[in-house]
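According to my numbering, the sequence shown is numbered sequentially starting from 50. Cβ atoms here follow ideal geometry from the backbone N, Cα and C, with glycine treated the same way. Please read all numbers here as calculations on a predicted model, not as lab measurements. Inspection log for the structure reproduced underneath, given as structure tokens.
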Amino acid sequence: KFSVRLLMVISAHLIGPPHKTVAFGVSVTCAACSGYRAEQQVTDCFYLTDYSQNSTNEQVTTPDITPCPRAIPGEKATRSQLGSVVTVRLIPCLYTLVFLVGLPANGLALWVLATRAEKLTSTVFLMNLAAADLLLVLVLPFKIFYYFLGNNWPFGEGLCRLTTAFFYGNMYCSVLLLTCISVDRYLAVVHPFFSRSFRTPAFAACTCTATWLCAAVLTLPLTLQQQSYPLYGADVTLCHDVLPRHEDDGYYFYYFICLITCAFLAPLVVMLFSYCSVLRALLGSGKRYSYSVKLTALVLFILVAFYTPSNVLLLVHYSSYNCKLYGHLYISYMVSLAISTFNSCADPFVYYYISEDFRDKVENEQLTSSEFLNSSVLLVQT
Numbered sequence: 050k051f052s053v054r055l056l057m058v059i060s061a062h063l064i065g066p067p068h069k070t071v072a073f074g075v076s077v078t079c080a081a082c083s084g085y086r087a088e089q090q091v092t093d094c095f096y097l098t099d100y101s102q103n104s105t106n107e108q109v110t111t112p113d114i115t116p117c118p119r120a121i122p123g124e125k126a127t128r129s130q131l132g133s134v135v136t137v138r139l140i141p142c143l144y145t146l147v148f149l150v151g152l153p154a155n156g157l158a159l160w161v162l163a164t165r166a167e168k169l170t171s172t173v174f175l176m177n178l179a180a181a182d183l184l185l186v187l188v189l190p191f192k193i194f195y196y197f198l199g200n201n202w203p204f205g206e207g208l209c210r211l212t213t214a215f216f217y218g219n220m221y222c223s224v225l226l227l228t229c230i231s232v233d234r235y236l237a238v239v240h241p242f243f244s245r246s247f248r249t250p251a252f253a254a255c256t257c258t259a260t261w262l263c264a265a266v267l268t269l270p271l272t273l274q275q276q277s278y279p280l281y282g283a284d285v286t287l288c289h290d291v292l293p294r295h296e297d298d299g300y301y302f303y304y305f306i307c308l309i310t311c312a313f314l315a316p317l318v319v320m321l322f323s324y325c326s327v328l329r330a331l332l333g334s335g336k337r338y339s340y341s342v343k344l345t346a347l348v349l350f351i352l353v354a355f356y357t358p359s360n361v362l363l364l365v366h367y368s369s370y371n372c373k374l375y376g377h378l379y380i381s382y383m384v385s386l387a388i389s390t391f392n393s394c395a396d397p398f399v400y401y402y403i404s405e406d407f408r409d410k411v412e413n414e415q416l417t418s419s420e421f422l423n424s425s426v427l428l429v430q431t
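Below is the structure:
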């Protein structure tokens, strides 16, 4: 056995560099696998496992196609899961709900903050937060069509990369901007005299610019990797749901560790420190703090409830160590990503509680609109 294995390894090196094969329609690299039967192949290469819509646990091997590990997210992430009610009905319905609520809510918030509200540091941060949420909402129609079409991406590779980058970029940009708001409140309450000289709208605008650039840099790698691949044996193309090679698997795992650490865990720690310091300062001054407690609880609840499940499952989903769990976690992973977008619907309520000026302007606009409608009705009746 040892001599046979040694001859196999030597012959693999003599054949030459790795060649490309196709698995599930995905170009993958496998070193010197062709020409061997399953029991003769080296351990890191194996025959194609083809799951059909009505498949059982039986694996159908195709001798003519020899892929390397996972051309689809997980050994048990079968085509029946890709075409399940959850992926082609529930997930697009969740995205549709976010789009229908988030588009007018963030559009109204951005309009009020940009044209009606006083230009304060908090206003600048809230305006950029509304813009990030609005951009995220505007990307959702592409994902809605993708899932309603049965996980089929018809818009091309370039738009798949941009949609993926915008999806993650604007989502984590919102987290970073919420962190900026918490730091701004910390400086205003805990260090009012020290921060008075630089807590200006211009400084807030520069901070927001740096935040946007940071989010762009963090999501740039998503635009440099191929994101869409055709599914073998089916007339569909998957977008950001395929892992064609082990090296891509490891790449995404370490990439998302960096992304989650920089854009979620670190901001969460900063927000906890900022708001706890604000509460401690208010308690020490003897002022009423029930409003601040509610605000702190609201912001932290939004951040933890909407982002923690998706970030945890994101790491597990791309973890090679937990590859056996892919099939079981695939649906949960996609649903958690959809739920995380509800943050863009919740943020306008954060504006309403944080900015008193924003509250007053919205209420005035509602009052003006109701008066206009009443006068229009009277004119029609007369």
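Inter-residue Cα distance where the pair is residue i and residue j
i: Leu-162; j: Asn-155; result: 10 Å
i: Pro-190; j: Phe-148; result: 8 Å
i: Leu-131; j: Val-137; result: 8 Å
i: Asn-177; j: Pro-358; result: 25 Å
i: Ile-140; j: Val-399; result: 25 Å
i: Ser-326; j: Val-348; result: 15 Å
i: Asp-284; j: Met-383; result: 21 Å
i: Asp-99; j: Pro-279; result: Only weak support is given to the placement of Asp-99: the predicted model assigns it a pLDDT of 36, under 50, and the question is left unresolved by the model.
i: Leu-211; j: Gly-333; result: 49 Å
i: Tyr-195; j: Leu-331; result: 49 Å
i: Ala-264; j: Ile-309; result: 12 Å
i: Ile-388; j: Ser-246; result: 40 Å
i: Cys-142; j: Ala-315; result: 32 Å
i: Leu-271; j: Phe-355; result: 22 Å
i: Thr-145; j: Ile-193; result: 7 Å
i: Pro-397; j: Tyr-303; result: 33 Å
i: Leu-183; j: Asn-219; result: 9 Å
i: Thr-258; j: Cys-307; result: 21 Å
i: Val-239; j: Leu-328; result: 9 Å
i: Leu-169; j: Leu-317; result: 24 Å
i: Thr-286; j: Asn-360; result: 25 Å
Reduced DSSP secondary structure (H/G/I, E/B, other) of residue i
i: Leu-287; result: strand
i: Ser-277; result: strand
i: Trp-202; result: coil
i: Gly-132; result: coil
i: Arg-210; result: helix
i: Phe-215; result: helix
i: Phe-305; result: helix
i: Tyr-382; result: helix
i: Thr-256; result: helix
i: Phe-391; result: coil
i: Tyr-367; result: coil
i: Phe-313; result: helix
i: Thr-345; result: helix
i: Asp-93; result: Interpretation of Asp-93 is limited by its pLDDT of 31, a score under 50 that renders its predicted location unreliable; no figure is taken from the coordinates.
i: Thr-249; result: coil
Own chain, CB closer than 6 Å to residue i, minus 5 neighbours either side, in chain order
i: Ala-390; result: Position check: residue 390 holds Thr in this sequence, whereas Ala was assumed. Excluding sequence neighbours, Thr-390 sits near Val-147.
i: Leu-363; result: Phe-305
i: Thr-213; result: Leu-271, Gln-276 and His-289
Other residues of its chain near residue i: CB distance less than 8 Å, five sequence neighbours each side excluded
i: Ala-254; result: Val-173
i: Leu-321; result: Leu-349
For residue i, the first and last residue of its enclosing alpha helix (DSSP H)
i: Val-188; result: 170-197
i: Thr-145; result: 140-164
i: Ser-244; result: 241-244
Burial state of residue i (16 or more Cβ within 10 Å)
i: Leu-273; result: exposed
i: Val-134; result: exposed
i: Gly-151; result: buried
i: Leu-269; result: exposed
i: Phe-350; result: exposed
i: Val-353; result: exposed
i: Thr-216; result: Strictly speaking, residue 216 in this sequence is Phe, with Thr absent from that position. So Phe-216 counts as buried.
i: His-289; result: buried
i: Val-291; result: buried
i: Arg-234; result: buried
i: Ala-346; result: exposed
i: Gln-275; result: exposed
i: Cys-209; result: buried
i: Val-188; result: buried
i: Phe-313; result: buried
i: Ala-395; result: buried
Residues near residue i by beta carbon distance below 7 Å, same chain, minus five either side
i: Thr-260; result: Cys-222, Leu-225, Leu-226 and Cys-229
i: Leu-236; result: Ser-244 and Arg-248
i: Val-232; result: Val-319 and Ser-323
i: Thr-256; result: Cys-229
i: Ala-180; result: Leu-159
i: Val-186; result: Val-147, Phe-148, Gly-151, Leu-152, Asn-155 and Ser-393
i: Lys-343; result: none
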